[in-house]
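If you use our numbering, the sequence shown corresponds to residues 1 to 205, in order. Worksheet: the structure to be examined is printed underneath.
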Amino acid sequence: MRRTGIALISIIMFLSLSLLISCQSSYSVSRVSSDQDLDLSGNWNDTDIRLVTEALVQSSLKSGWINQFRMKNVGRNPVVIVGTFINRSSEHIDTAIIAKRYEMELINSGKVDMVADQNFRASVREEREEQQYFASEETAKALGKEIGADFLLQGSVRSVLDQRGNTRVRTYYVSAELIDIETSRKVWVGEETIKKVIQQARYSL
């Protein structure tokens, strides 16, 4: 009888340990190329940022506003400042990443010059003002010599979600526009759409 009790306790302990081990979550981490397309949840991700910015930048560079500017200002690239990219979607999206990627692509094209945006410009101005007091006369940078921007780049992200049963369709609309700062005229407007179909199994083991 005693042996039977010990055996029963051993079996219970073994089953409990097995259950505990099976309930523990396991995960693995592997490094992949930064340009590899990965979409785990259907939410906005880095692949969407890359696709959207590449398409919008190409659209803006192929538009006629650059050539029109150069015809009026021979030998000078248009100067652009990045404004605000507003998130009007239902998700938390860091639109600063979109704006920075857009800025990088424009600069690397060699067709457009960029000046610091409002946040960074404040830091530069503070440093320049401090140089008037603390730097030598030979190295202090002069005030009033900033390059004024010709165009303002701004945009927004919107999303629409359609769902039926276990299938969802999520669509993102990313728009951008360039505005002539002097005249407030829009010289280019573009929009790129990302659509995803997300299917979730009804039952899973």
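Here a beta-carbon is modelled for each residue, glycine too, at the ideal position from N, C-alpha and C.
DSSP, read as helix, strand or coil, puts ALA55 in helix.
By the criterion of at least three beta-carbon pairs nearer than 8 angstroms, the segment 41-52 is in contact with the segment 91-106. DSSP places ASP113 within a strand segment (E or B) once states are collapsed to three. Here ASP150 carries a coil assignment [DSSP, helix/strand/coil]. The C-alpha of ALA201 is placed about 52 angstroms away from the C-alpha of ASP150.
Of all C-beta pairs linking the segment 171-178 to the segment 146-161, three or more are shorter than 8 angstroms, placing the two stretches in contact. Secondary structure at LEU143: coil, using DSSP grouped into helix, strand and coil. As the crow flies, the alpha-carbon of ARG168 is around 48 angstroms from that of ARG125.
The DSSP assignment places 79-87 as complete runs of the beta strand (DSSP E) inside the segment 58-102, in order along the chain (cut-off: 3 residues). Rounded to whole angstroms, the Cβ separation of ASP117 and ILE81 is 6 angstroms, and the two are in contact under 8 angstroms.
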